[in-house]
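Here is the structure we will look at.
Numbering (my numbering), first residue to last: -2 to 289.
What follows is the structure in structure tokens.
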């Protein structure tokens, strides 16, 4: 279990809640000027994954970082936890905050929801950045294929009832014994405070509900994503960011978008925002400035 029940924070942000598409969302905001940036975390993360990145962006942009439904301090009530339902919640958050077109940024599994939002509501998205992301129907399923180098936790988390049964009370051990060592390429990037915070939110009652639902949905929606792409590729500027170990984001986004800028961050592992916030901030700011 977590060694603290107190939510982590940073001085630069304020915390908020809103009901969006049936989900109780927790999100933080920073900065009061410039075009808006919406940051959406992956697994095993929450908004806290961006805690080092947010201050670096907030000098030039209004920054919003959200806990996906079922993650972080967002609600975990019964309901659908899918990429589609999460995209609906993100859309309502953007509308609720009256942000206008946002620089939308998805990391890891949230890239499916951010892609859906960009494809289905392009008027709300000024640019799309995908970090360490693959889409169902375009290679994501390979990450569940353990016989060919895939990661076992994908199928494990997707198995109904199994993660709740086997990880309850062992969240910290899962994070420190497997998830962070396997995903991080930068020793020391994930500190004790980070582990405490991620353990806290995943150890909440039903704290794995969002992750389990998300992985289940992603393994079954390849045809749905292909149908979206068949209606037309993304037209807004897209930035793909890959870590040193692969090119899955670039390979995916060049199949589904027409204007893709690809960046590869050598020496960085999967947890990009935590491992290299300075480099990622510079990459994002350069991309946003090029669109001004």
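Backbone N, C-alpha and C fix where the C-beta goes; we use that ideal spot for every residue, glycine too.
Next item on the list: Taking residue 97 and residue 58 to be in contact with their CB atoms under 8 Å, please state how far apart those CB atoms are, rounded to whole angstroms.
Entry: Actually they do not touch by this definition, with Cβ atoms about 13 Å apart.
Next item on the list: Under 6 Å Cβ to Cβ from residue 60, same chain only, skipping five residues before and after it: list those, please.
Entry: Counting only Cβ-Cβ distances below 6 Å, and skipping sequence neighbours, we find 27, 28, 34, 51 and 54.
Checklist line | Range covered by the alpha helix (DSSP H) that runs through residue 150 | finding: For residue 150, the uninterrupted alpha helix (DSSP H) segment begins and ends at 149 to 155.
Next item on the list: Flag this pair as yes or no: are the beta carbons of residue 329 and residue 262 separated by less than 8 Å?
Entry: The structure shown does not extend to residue 329, since the chain is modelled only from -2 through 289, so no value can be given for it.
Next item on the list: Within 10 angstroms of the Cβ of residue 11, are there 16 or more other Cβ atoms? Answer buried if so, exposed if not.
Entry: With fewer than 16 other beta carbons inside 10 angstroms of its own, residue 11 counts as exposed.
Next item on the list: Spell out whether any CB of chain B is found under 8 Å from the CB atom of residue 261.
Entry: Although the question refers to chain B, the structure presented lacks it and comprises just one protein chain.
Margin query: Rounding to the nearest angstrom, what Cα-Cα distance links residue 264 and residue 150 in this structure?
Written below: One Cα belongs to residue 264, the other to residue 150, and the distance between them is close to 24 Å.
Item checked: Residue environment, residue 108, which counts as buried when at least 16 other CB atoms sit within 10 Å -> Residue 108 should be labelled buried.
Notebook entry, point to check: Below 8 Å between beta carbons: does that hold for residue 43 and residue 80?
Noted result: Going by C-beta atoms, residue 43 is not nearer than 8 Å to residue 80.
Next item on the list: Please find out if some non-hydrogen atom of the ligand PLP comes closer than 7 Å to the beta-carbon of residue 229.
Entry: The ligand content of the structure shown is nil, which means the ligand PLP is not present either.
Notebook entry, point to check: I think residue 17 touches residue 86, with their Cβ atoms under 8 Å apart; what is that distance to the nearest whole Å?
Noted result: Between residue 86 and residue 17 the Cβ distance is about 4 Å, and since that is below 8 Å, they are a contact.
Margin query: Just verifying my parser: in three-state terms, what is the DSSP assignment at residue 181?
Written below: Under the three-state reduction of DSSP output, residue 181 falls in the coil class, being neither helix nor strand.
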